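Worksheet for the structure shown next.
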Amino acid sequence: MIELIKDVEKAIEKEKAIRKGKLINLKKSSITVIGDLHGDLFSLNKILDKIETEIIVFLGDYADRGPFPIEVYEKIFELKIDHPDKVFLLRGNHEAPDIIPFYPHDFPWYLKEKYGENWREIYDSLIELYNKIPIAVIIDDFALLLHGGISNKITKDSLIQPNKEDLEIILWSDPSDNINGIIPSDRGAGVMFGPDVTSLVLNRLNVKYLIRSHQSVMKGYKWNHNNRVLTIFSAKNVYDLESGAYLVIINDEMKIITF
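The sequence shown: position 139 = 139 (full-length UniProt numbering), numbered continuously.
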């Protein structure tokens, strides 16, 4: 696992041509967007079996809750290594235990079970990796992709060089159709943000949509804020959802695929 992590770090270095700080800039093309996985290897395999797009973007939260976190990591790491300029792994709140603790965080237990006394070295290497992976993708003038959400303070500079407050907002926040502005989140971290905040930030970034994950939704997807915010959630089996979902973007067109 240590060697795999080192190889992923080398693959991340190859993002430099399209990356500034923690932000990936992509041209419009054929892109698959995959939401939270939480150790759900079966859902991941089902999605990968169907993918035909040029690029894949994962929105974070790869481990915890589900029974196969190590196998999920191995698979997405191998994809990143084999296709360093086509596969992008974004950071979710479950890739930031050193910033804000969260529960459940059972991934260390799986590492101990498989690797014994070497688990800590692997875990520490992953923490270092988390601090190197991007937090957001902007697709031309089309969409902002990230794990959680935004506040009215989020700018392009926040995505490029986020401070701790920016990271908390981006990794932990959720949309609400019932408020304006922002209010504290009942998660204990991040905020809930209203449609006015979405309009402000998306217009500021010159994009039409915010595509995010972070919340389990029964159908695997949910629209908020006058169809400008789309939640995509892929861990169907972990949460016993009606369906999981992933998103296919072809230039200016989006298609939600459920399974």
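Just so you know, even glycine gets a beta-carbon here, dropped at the ideal spot from N, CA and C. Because the structure is a prediction, the values reported are computed rather than measured.
Between the alpha carbons of I34 and L210 lies a gap of roughly 14 Å. Going by C-alpha positions, Q215 is about 34 Å away from E117. Its Cα nearest to that of P134, the residue A11 stands out among E242, K46, D141, A11. The beta-carbon distance between I31 and I138, rounded to whole angstroms, is 12 Å. This is too long to meet the 8 Å contact definition. Going by DSSP, T198 is part of the alpha helix (DSSP H) stretching over 195-205. If only complete runs of 3 or more residues are kept, the segment 73-100 shows the beta strand (DSSP E) at 87-89, in order along the chain. E15 sits close to I24, with the two beta carbons spaced by under 8 Å. Contact between W172 and N93 is confirmed by a C-beta separation of about 5 Å, below the 8 Å threshold. Rounded to whole angstroms, the Cβ separation of L26 and I55 is 7 Å, and the two are in contact under 8 Å. With respect to the C-alpha of D196, the residue from R187, D186, H225 having the closest C-alpha is H225. Note on Y246: 16 or more other CB atoms within 10 angstroms of its CB, so buried under the neighbour-count rule. Per DSSP, S30 is one residue of the beta strand (DSSP E) stretching across 30-34. Per DSSP, reduced to three states, the secondary structure at P175 is strand. Close CB contacts of D252 within its chain, under the 8 Å cut and outside five residues either way in sequence, are with K28, F142 (chain order). The beta carbon of M1 sits closer than 6 Å to the beta carbons of I122 from its chain, once the five residues preceding and following it are set aside; these are given in chain order. For the pair D36 and S234, the CB atoms are nearer than the 8 Å cut-off. Looking at the DSSP output, W223 shares a beta bridge with L230.
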